[in-house]
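**Q**
Numbering (our numbering), first residue to last: 80 to 160.
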């Protein structure tokens, strides 16, 4: 199946690996949850089909890198150290 995606960050056009699994792709396109249609795929592979983001680098550029040092209170108030 020829399914191309364009990354919203770097604009690269590519064919996700999961698009090669015609049966699973068809299940997903017909309403099966993506994690059920592609149970052996990694979250990153499934994300490629959902959003088109092609790599961890592009993901970080779009949504940023998580700050694991931030406290719950800082999250609630929006204040950062």
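Note that the Cβ used here is the ideal one computed from N, Cα and C, for glycine as well.
Within this structure, are the beta carbons of residue 84 and residue 137 separated by less than 9 Å?
**A** As a first step, residue 84 must be located in the chain shown, where it is residue number 5. As a first step, residue 137 must be located in the chain shown, where it is residue number 58. Cβ atoms of residue 84 and residue 137: not closer than 9 Å.
**Q** Residue 127: buried (16+ other C-beta within 10 angstroms of its C-beta) or exposed?
**A** Counting from 1 along the chain shown, the entry for residue 127 is found at position 48. It is buried - the Cβ of residue 127 has at least 16 other Cβ atoms within 10 Å.
**Q** Would you call residue 123 buried or exposed, if buried means 16 or more other Cβ atoms sit within 10 Å of its Cβ?
**A** Indexing the chain shown from 1 puts residue 123 at position 44. Exposed, since its Cβ has fewer than 16 Cβ neighbours within 10 Å.
**Q** So residue 96 is in the alpha helix (DSSP H); what residue range does that whole segment cover?
**A** In the chain shown, residue 96 corresponds to position 17, counting from 1. Residue 96 -> no alpha helix (DSSP H), and no H or E assigned at all.
**Q** Please report the straight-line C-alpha distance between residue 119 and residue 125, rounded to a whole angstrom.
**A** Against the chain shown, residue 119 aligns to sequence position 40. Against the chain shown, residue 125 aligns to sequence position 46. Distance between the alpha carbons of residue 119 and residue 125 is about 10 Å.
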